[in-house]
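Here the structure is laid out as structure tokens; the discussion comes afterwards.
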Amino acid sequence: MAAAALLPLGYLLVRGSEVGLDRVIDIATSGRVRHLLWRTGLLAVAVTTASVLIAVPVAWLTVRTDLPWRRFWVIATALPLAIPTYVGGFAFIAALGPRGILQGWLEPFGVESLPSFYGFPGTWLVLTLFTYPYVLLTARAAIRRLDPSLEEASRMLGQGRWTTMRRIILPQLRPSIAAGSLLVALYTLSDFGAVSMLRYDSFTRAIFLQYRASLDRSTAAVLGLVLVAVTLVVLSGEAATRRSTGYHRLHSGGARTAPIVALGKWRWPALAGLTTLLLVALVVPLAVIVTWLLRGVDAGEPFRLTTTLVGNSLRASVLGAVASVVAAWPVAVLAVRRGGRLGRVVEAACWAGHSLPGVVVALSLVFFGARVAPSVYRTQWLLTLAYVVLFLPQALGALRASLLQISPTLEEASRLLGKGSMATLWRIVLPLARPGLLAGGALVFLTCMKELPATLLLSPPEQPTLATQVWTATSEAFYARAALPALALVLLSSLPMALLVLRDTDR
Amino acid sequence: MRRLLTLFTLLLSLTLFAAACGDDDDSGSGDEGDAAGERTLELYSGRSEELVGPLIEQFEEASGIDVTVTYGDTAEVAAKILEEGDNSPADVFFGQDAGALGALAKEDRLARLSDAQLDLVDPALRDDQGDWVGVSARSRAVVYNTDKLTEADLPASILDFTDPAWSGRLGWAPTNGSFQAFVTALRVLEGEDGARAWLEGIKANSPKVFDNNVAIVEAVAAGEIDAGFVNHYYLYQYTAEDPDFAAANKIYGGGDPGGLVNVAGVGILTTADHVDEANELVDFLLSAEAQEYFATETFEIPVAGDAVPAEGVPTIESLTLPDIDLNQLDDLAGTLALLTELGIV
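Heads up: the protein sequence lines correspond to chains A and B, in order.
Sequence positions in the first sequence follow this note's numbering and run 205 to 711.
Sequence positions in the second sequence follow this note's numbering and run 3 to 347.
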């Protein structure tokens with residue numbers, strides 16, 4: 205598994221080495237790379253921070269308080285994840301751009317043009333709004349699993365609500381928040397949709413421009429290698445947050461639901477905040493897509509949404525999700541149960557693919573597939589492998605979080621009582637890890653649905669998906685024709701997420 | 003546990019269902035076609051299905067050849083061919099611009115076309131070595147609002163839009179590939195300093211920034227801006243539907259850099275398995291039928307034969323092509339560096 209994950213890295217080394225070590229060092233230490241490092245780092249930190257600041261309070265509100273219409277909020281706040289950044293970015297430019305829809309409404313009041321939000325502000329906003337659910341999902345799962353007896357002990361010992369929050373609850377949430385933050389940070393590093401549309405000069409954009417401008421694969425490869433190095437730094441940062449701590453319960457004493465906090469007069473600001481969030485992150489993009497759709501109906505555009513298109517998308521994404529979860533399982537077990545250097549190295553290898561832009565991973569698999577494995581090249585299997593390399597960490601994060609909370613003593617008990625390792629896995633570990641398996645699968649499914657660069661380059665020929673159809677239409681500025689596939693894409697990928705989130709709240 | 007099983011069953015049946023749906027179309031079966039004696043062709047297209055899909059279908063009907071098309075962005079499809087190496091399944095590459103074709107030619111991935119094919123097209127619109135040939139052309143143009151301006155109000159050269167009189171009245175799309183090709187041409191024709199001076203001059207006139215040419219054409223017609231830098235063909239879709247559409251093109255001639263002509267073109271790969279079929283496709287794209295399609299459906303400029311351009315579109319003969327070898331437009335990297343340095347992209 206780790207070997208597959210390292211394919212892109214090997215490819216980058218091959219391509220990078222073509223220009224010779226001196227040139228590699230030249231490129232890697234150039235002012236341009238330092239500039240990109242600073243810009244990309246700034247964006248990653250800003251997006252991650254903002255995501256945590258949005259996600260943790262929302263998670264708390266939707267799990268532990270008497271917020272009105274809680275089940276609605278639980279689902280709705282997770283759904284922005286289903287909106288691809290290339291659609292969200294378009295929608296925001298259309299809505300909030302200097303001469304967008306909002307400006308049109310304000311025109312009668314003498315507003316000629318809104319301040320430009322291209323560059324950092326727009327990119328930051330779009331990436332935050334469409335990735336904060338990564339933190340939300342992991343934080344919410346962790347809050348739900350908190351052992352209330354610890355809080356009760358703290359309160360009984362005379363600590364106030366805020367001190368309990370700060371000293372008891374937040375430290376327990378730290379690994380989950382860090383896991384979600386890691387997904388956000390690495391997504392930010394590898395995202396192309398938002399940075400290209402909103403024109404923020406980041407590593408990914410530079411790599412794309414390098415291909416586009418001169419098909420200069422070697423320079424692009426060196427930039428990719430620098431990006432991998434950045435990822436390793438981010439990873440070690442995250443690893444530091446969960447060093448040497450046990451997170452599972454030592455006994456089953458607290459297996460009950462924590463009390464619900466009454467919001468009282470705080471419910472109104474809470475509702476206002478959530479409504480604003482939903483308006484910006486969900487209603488604006490959906491409204492813009494629907495506007496395109498209506499405009500298309502008016503113009504009598506042909507709508508081509510076939511079962512083939514939907515089928516291709518679903519098949520590719522389901523395969524990607526199942527394969528990622530299956531592949532993540534041994535890695536997660538190794539990392540959680542064995543730990544040690546091997547576990548860390550394998551885990552880091554798996555994360556390497558996640559931070560690379562899709563086009564780099566896709567080209568590395570084109571390289572590998574056409575030259576080494578022509579029998580799988582241009583089949584569904586190579587695309588599935590690409591999804592695994594790209595998104596394995598999403599499954600891994602979810603699995604690791606749930607494995608961490610299973611006490612090894614349960615497995616030991618099962619083995620002592622004479623069950624074999626397979627029976628223990630099947631009867632004890634898998635059922636307990638189920639929330640992680642499902643959450644990881646749903647997350648990967650959703651990400652595969654909206655993935656674009658690898659899907660474009662590796663899909664079997666003439667098997668367009670919803671995402672590639674949206675791309676085809678928008679690249680020629682036929683927005684009306686992009687509307688229906690875009691809408692289908694958002695709805696279909698949010699379905700498993702919604703079901704999953706709903707089931708969790710019902711328990 | 004039961005629920006987990008249910009979910010797996012559900013996922014599995016979903017996959018099977020999806021697979022069944024996906025196998026409905028019999029297209030992706032090139033290899034089986036070979037065995038049955040059916041003639042097949044692998045086309046890698048950097049032009050989108052929206053633009054050329056119907057044309058390829060016409061070719062399939064006329065020739066009986068089953069064409070498998072891989073669509074994508076021109077540069078990425080070219081990169082894919084390069085990475086596939088000698089095992090590339092592609093027979094023909096259809097690129098949106100000369101730059102990507104030039105890059106493949108430079109790596110010796112394109113085979114020389116026949117003289118009969120090359121001779122159909124003006125030498126300025128094909129590769130010197132005969133590795134690729136342009137099949138349709140587009141000109142840079144200035145689209146202007148016809149309520150506010152007449153053609154006589156526009157400067158005689160694109161270079162003169164730096165005049166402060168145009169402050170706040172212009173629109174451009176600096177991230178657009180065709181605009182960047184134009185800047186590259188400007189660097190070749192006017193030198194680095196000339197190109198820099200023009201970009202700085204336009205920037206000083208605070209032009210409105212758009213994402214694509216279509217948005218510029220719409221903004222001009224709506225009177226939001228007076229004029230904008232575009233490719234010629236976006237306008238005609240609108241004027242065909244609405245004769246009162248308040249915009250027109252000025253196409254610069256006389257060797258002015260504002261009249262840069264770029265092409266979409268094709269090349270046959272050295273590693274092609276279906277050489278005869280590939281040549282048939284190239285012949286078809288240069289035929290009267292395909293040239294007519296480019297003229298009437300995409301509003302481009304036909305480059306071969308007698309096809310007449312759409313209403314308002316210039317003929318290729320009427321244009322004075324700027325003195326530039328399209329292969330020279332491959333230094334997009336230098337253009338991007340310049341645009342980045344000036345804070346334009």
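Every residue, glycine too, gets a C-beta built ideally from N, C-alpha and C.
Bridge partners for residue i per DSSP, in chain order?
i	result
R140(B)	N264(B)
S47(B)	Y73(B) and F96(B)
I303(B)	A139(B)
T289(A)	According to DSSP, T289(A) bridges with nothing at all.
L156(B)	In DSSP, L156(B) forms no bridge with anything.
A113(B)	I270(B)
T42(B)	D68(B)
T269(A)	V465(A)
Determine the direct distance from the alpha carbon of residue j to that of residue i, and round the result to whole angstroms.
i	j	result
E680(A)	E52(B)	8 Å
D68(B)	E279(B)	10 Å
L340(B)	G428(A)	23 Å
L600(A)	P325(A)	31 Å
A118(B)	V284(B)	11 Å
K623(A)	R243(A)	55 Å
Y235(B)	F301(B)	5 Å
A92(B)	A297(B)	27 Å
D213(B)	R49(B)	19 Å
A577(A)	L586(A)	9 Å
A266(B)	Y295(B)	14 Å
Using three-state DSSP, classify residue i as helix, strand or coil.
i	result
R359(A)	helix
G257(B)	coil
Y146(B)	strand
K252(B)	strand
D333(B)	coil
D278(B)	helix
G269(B)	strand
V211(B)	strand
V580(A)	coil
A229(B)	strand
T408(A)	helix
G173(B)	strand
L283(A)	helix
V570(A)	helix
D351(A)	coil
R575(A)	helix
V487(A)	helix
Using a C-beta to C-beta distance shorter than 8 Å, which residues of chain B count as neighbours of residue i?
i	result
Y415(A)	A77, E78 and A81
E616(A)	None at all; the shortest Cβ gap to chain B is about 21 Å.
A677(A)	E52
P578(A)	N89
Please compile the residues from chain A whose C-beta is within a distance smaller than 8 Å of the C-beta of residue i.
i	result
L53(B)	E680
D213(B)	I297 and M401
N233(B)	Chain A residues near N233(B): none, gap ~12 Å exceeds 8 Å.
G74(B)	L660 and L661
A197(B)	None at all; the shortest Cβ gap to chain A is about 16 Å.
L334(B)	R416, A417 and S418
Using a Cβ-Cβ cutoff of less than 7 Å, which residues in the same chain neighbour residue i once the five nearest sequence positions on both sides are dropped?
i	result
L120(B)	R128, G132 and V135
G547(A)	L538 and A539
Identify, in the order they occur along the chain, each residue of the same chain with its Cβ nearer than 6 Å to the Cβ of residue i, setting aside the five sequence neighbours on each side.
i	result
E551(A)	A539
V438(A)	A389
V260(A)	A343
Y683(A)	W496
Considering only residues of the same chain and omitting the five flanking positions on each side of residue i, which have a CB-CB separation below 8 Å?
i	result
A462(A)	R268, L350, P352 and E355
L628(A)	Checking the sequence, you will find Thr at residue 628(A) rather than Leu. E615, S618 and R619, listed in sequence order.
Report the neighbours of residue i on chain A: residues whose CB is nearer than 7 Å to its CB, in chain order.
i	result
A175(B)	Simply none; closest approach about 11 Å.
L338(B)	L413 and A417
V216(B)	A681
T70(B)	P665 and E666
V347(B)	R403
Name the chain B residues that come within less than 9 Å of residue i, Cβ to Cβ?
i	result
F571(A)	E85, E86 and G87
Strictly below 7 Å CB to CB, what residues from chain B border residue i?
i	result
V563(A)	E78
Within the present structure, is the beta-carbon of residue i separated from the nearest heavy atom of the ligand NAD by less than 6 Å?
i	result
P284(A)	Annotation note on the ligand NAD: not contained in the displayed structure, which lists no ligands.
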